[in-house]
Amino acid sequence: MVKQTMKKSEKTDRRERAEEEASDLIWGINAVSEALGQQAKAISEVLVLKGKAGPRIQQIVDGARTQGVRLRFVEQNRLGVPRNCHHQGVVARLAATALSSLEELLAAVGGDSESGARPARILVLDSIQDPRNLGSILRSALAAGFAHIILTRERSAPVTGTVARTSAGAVSHLQLCQVVNLVDALQKLKDQGFWIYGGVAESEQALSMYSVDFSGPICLVVGSEGKGIRPLVRKQCDQLVTIPMEGGFNSLNASVAAALLMFEVQRQALSR
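If you read the sequence shown in my numbering, its first letter stands for residue 307, the second for the next number, and so on.
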């Protein structure tokens, strides 16, 4: 009886999760074309059925690339739409909030600095793929004073309603930016005077977060669950930072690690 109840609960959870994700989707050639033309910043990604072709499909593909919208070619079962809907091989996922370009984010950060506010803080998330982890991180970011977030366009969870709900609405108060090349983005941040800190599980070059001086304009990079920060991104970091842990344990959930690092930055700022 217990096993049957668990199986029913798991099926219910999967069904509810699928319904949540489908609520963020629009489908059909006309609907997706219109969305790309009128509100491209509100679209987190466009999905095209593998093997689907034609001039109107190509127009959508070209439009997504021109607008800088994430584009994926997927199998039928990865479109995520309700069964028997007339999707015509193309689906767009709406973002829970408008996404900024890197230039817009840098302009906003520069405006903060000119206004005499505290030194700018930017959180960079390298390939966070779990939407609930992403939502939890964004919730902590708002609480810790990280108002500007950079996400990777590929290998990253789209900013969906699930992310918004998990963030407890924090996405509405943050400036989110997606970039194609994170290495280039970090170099531009360096040119703007930011010091890049990379959160890692362990490394001979890493310092304890309690011994790092997080003053001035900072950019904190947090990597994905399991793999952490990618090697090329890691090379762009000016300083690697780790969270001291007892008992030889060196692995934390990405959202927990991100929260600890961000609140250490906040603690130091409040103690100055």
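Glycine is no exception: its CB is placed at the ideal position from the N, C-alpha and C atoms.
Residues sharing a beta bridge with E351, DSSP: R376 and R399
Would you mind stating whether C483 and I443 have Cβ atoms separated by less than 8 Å? no
Go through its chain and collect everything with a Cβ distance to L566's Cβ below 7 Å, but skip five positions before and after it. I549
May I ask which residues mark the beginning and end of the beta strand (DSSP E) holding D497? Element bounds for D497: not the beta strand (DSSP E) but the alpha helix (DSSP H), L488 to D497.
Excluding the 5 residues flanking K544 on each side, which residues of the same chain have their C-beta closer than 6 Å to its C-beta? Position check: residue 544 holds Asp in this sequence, whereas Lys was assumed. Excluding residues within five positions, the ones whose Cβ falls inside 6 Å are W501 and I502.
With burial defined as no fewer than 16 other Cβ atoms inside 10 Å of the residue's Cβ, what is the status of P393: buried or exposed? The amino acid occupying residue 393 in the given sequence is His; Pro does not appear at that position. The residue is buried, with at least 16 neighbouring Cβ atoms inside 10 Å.
Please look up how many angstroms separate the CB atoms of V387 and V397, rounded, as I've assumed it's under 8 Å. 6 Å
Starting from I434 and walking both ways along the beta strand (DSSP E), at which residues does that stretch end? That residue, I434, is in no beta strand (DSSP E); it is neither H nor E in DSSP.
For M479, tell me which candidate among G505, M551 and A450 has the shortest Cα-Cα distance. The displayed chain sequence assigns His, not Met, to residue 479. The residue with the shortest Cα to Cα distance from H479 is A450.
For I455, list the residues DSSP reports as bridge partners. L429 and L482
Do L492 and Q542 come within 8 Å of each other at the CB atom, strictly closer than that value? yes
Are the beta-carbon atoms belonging to V469 and L488 less than 8 Å from one another? no
N- and C-terminal bounds of the beta strand (DSSP E) containing L526: I524 to G529
Exposed or buried, T372, counting other C-beta atoms within 10 Å across all chains shown (16 or more means buried)? exposed
Roughly how many angstroms lie between the CA atoms of L431 and Q481, to the nearest whole one? 13 Å
For a test of the three-state rule: what should DSSP assign to Q542, helix, strand or coil? coil
Could you tell me the alpha carbon to alpha carbon distance between L342 and G395, rounded to whole angstroms? 16 Å
State the DSSP-derived secondary structure class of S514, mapped to helix, strand or coil. strand
At the level of alpha carbons, what is the spacing between A413 and S407? 10 Å
Would you kindly work out how many angstroms separate the C-alpha atoms of I363 and I335, rounded to a whole number? 7 Å
Element boundaries [alpha helix (DSSP H), containing L385]: Careful: L385 lies outside any alpha helix (DSSP H) and carries neither H nor E.
Determine, using beta carbons only, whether V465 and A426 come nearer to each other than 8 Å. no
To the nearest angstrom, report how far apart Q572 and G467 are at their CA atoms. 28 Å
Just to confirm the assignment, what range does the beta strand (DSSP E) spanning V566 have? First, the amino acid is wrong: residue 566 is Leu here, not Val. Run containing L566: none in the beta strand (DSSP E); it sits in the alpha helix (DSSP H), A560 to S577.
Classify G499 as buried or exposed, calling it buried when 16 or more other Cβ atoms lie within 10 Å of its own Cβ. exposed
Cα separation between Q574 and G374? 37 Å
For I524 versus V506, is the C-beta distance shorter than 8 Å? no
Give the secondary structure of V547 by DSSP, where H, G and I count as helix, E and B as strand, and everything else as coil. strand
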